[in-house]
Structure formats: C-alpha cells, structure tokens
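S.K.: Let me begin by handing over the structure; questions about it come next.
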Amino acid sequence: MNKFYKNRTLFLILLVFFILVILSIFIYFYFQKQKEQKLYSFSEKLDEKYQTLSLYSTNNTTKNSTSSSSHIIGKITIEKINLNYSILSTCSEELLKLSPCRLCGPEPNGIGNLCIAGHNYDNGKFFSNISKLSVGDKIKIYDLNNSFLEYKVYDKFEVEINNTSVLSQDTNGKKELTLITCNNKKKNRFILKAKEMD
C-alpha cells in the first residue's frame, strides 16, 4: 500500500512538472508572437510612410539621403514570395528588426551594387523566403519618386559570415542588387544576386 502511494505521488509530481513545462513553452511562444506582431505592425507603418513620402517627394529627399540618421529610401517588392517592405537608409541591429536596410551601395536604382540586409525570422517575414527564389525571378526596387526598376536574379549562394566580397561595388557601370540574410541553421549568410533587366 505504501509503495502505491509513493508511485502515485511520484506520478503526480511528474504530471505537474510536465504541465508546467508545457505551459512555460506556450507562454514563451505567445510572447514571441506578440513581439513579432509589434515588429510587423511597425513595418507596415513604415510602408505607409513610404507611400506618403513617394506621393509628396521632391528633389530635397535625395539631397538629404546622406544624413547620418536613418530614413526610408525606397521599397522592395518580390511578388513571387509576397514580399513588400520599405528600405531603410542605414543598417544597425535595431533597424534590422524594423525593416530591410541598405548595408552599402547606391541609393535605390543607382549605378553600383545596392546591398540590402534583412532578417530571416523563419516565419515568412522580411527575408525569410528569399532562398525560395530561383534564377530568373524578378525583384522590383522603388525609389522615393515611386519609379521602379526590375532586377532579375542571376545567382544565389551562401558565404561565411566574414566574407565581404559580395559587397563589392565593381559593377562596370551596371545596376546590381545583393540581398543578404542569415541562414538560421548555420552561421553562414544567404546571398541573392540580381541585375537590372534589359
């Protein structure tokens, strides 16, 4: 009889422990989802701001583009993966949580290699799905005048985290685009290269 009570007590303790573990997992994911929703909501507000800026843009917007504070410089859209985000002018860990950022290169649709970094949240947000693109797929980059250029993907690959060769601005006077995101399974960076369509 005593052994029965010990087994029963042990079973109840394990059951309570299991319930607490499951509950803590649900709470963790709930708060993560809330955090992502806030970031996504802010990103949508950035897109609305881009729409307003593109409606009222003047030549002054390009003159201010070298300012040290970050601001919206354009928009990236990729229909195949339903991607549509504002592009921020500078890059930092905090800004990458809000929207894709220009890492280096010209203003949108300028001559050179426009390098845009975006987080991979593994949930469809930001650059999570760019690895699904294929050679030949199209990317649109809008400037603040709401004019756009179409770029065609010509290469995709991974590089080690310290490999900066993809940031090269040597494009022989052409307009190119490099999208950069992390590979969450490895420490590598996923790179997507595109060039202006003829």
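If you read the sequence shown in the numbering used here, its first letter stands for residue 276, the second for the next number, and so on. C-beta: ideal position from N, C-alpha, C; glycine also.
1. Here's the rule: buried if 16 or more other CB atoms are within 10 angstroms of the residue's CB, otherwise exposed. What is Cys366?
2. Just list the residues that DSSP pairs Glu425 with in beta bridges.
3. Counting pairs of Cβ atoms below 8 Å between the region 428 to 436 and the region 388 to 398, do you hit three or more?
4. Using the Cα positions of Asn404 and Leu424, report the straight-line distance between them to the nearest angstrom.
5. Taking the continuous beta strand (DSSP E) assigned at Glu451, which residues delimit it?
6. Taking contact to mean 3 or more Cβ pairs, one atom from each stretch, closer than 8 Å, check whether the region 351 to 359 and the region 411 to 424 are in contact.
7. I'd like to confirm the pairing. Which residues does DSSP put opposite Glu433 in its beta bridges?
8. Roughly how many angstroms separate the alpha carbons of Ile300 and Ile356, rounded to a whole number?
9. Using the Cα positions of Gly387 and Tyr305, report the straight-line distance between them to the nearest angstrom.
10. Use the C-beta contact count for Asn395: other C-beta atoms within 10 angstroms, 16 or more gives buried, fewer gives exposed.
11. Give every residue of the same chain whose Cβ lies closer than 8 Å to the Cβ of Tyr426, excluding the five residues on either side of it in the sequence, and list them in chain order.
12. Going by other Cβ atoms of all chains shown within 10 Å of its Cβ, with 16 needed for buried, is Ile347 buried or exposed?
13. For Ser361, which residues does DSSP report across the bridge?
14. List the endpoints of the continuous alpha helix (DSSP H) containing Leu373.
15. Here's a check: name, in chain order, each residue in its chain whose Cβ is nearer than 6 Å to the Cβ of Asn359, leaving out the five neighbours to either side.
16. Leaving out five residues before and five after Phe402 in sequence, what residues of the same chain have Cβ atoms less than 6 Å from its Cβ?
M.R.: Working from what's here:
1. So Cys366 counts as buried.
2. Residue pairing from DSSP places Glu425 in a beta bridge opposite Lys415.
3. The answer is no - the region 388 to 398 does not touch the region 428 to 436, with fewer than three Cβ pairs under 8 Å.
4. So the alpha carbons of these two residues sit roughly 21 Å apart.
5. That run of the beta strand (DSSP E) goes 450 to 457.
6. The region 351 to 359 is in contact with the region 411 to 424.
7. Assignment of beta-bridge partners to Glu433 by DSSP yields Phe465.
8. Taking the straight line from one Cα to the other gives about 30 Å.
9. Gly387 and Tyr305 have their C-alpha atoms some 43 Å from each other.
10. Counting other Cβ atoms within 10 Å of its Cβ, Asn395 reaches 16 or more and is therefore classed as buried.
11. Counting only Cβ-Cβ distances below 8 Å, and skipping sequence neighbours, we find Lys413, Ile414, Lys415, Ile416, Lys450, Glu451, Leu452, Ala469, Lys470, Glu471, Met472.
12. So Ile347 counts as buried.
13. Looking at the DSSP assignment, Ser361 forms a beta bridge with Lys350.
14. Here Leu373 belongs to no alpha helix (DSSP H), and DSSP marks it neither H nor E.
15. For Asn359, where only same-chain residues beyond five positions count, the Cβ hits under 6 Å are Thr352.
16. So the qualifying residues of the chain are Gly393, Asn395, Thr456.
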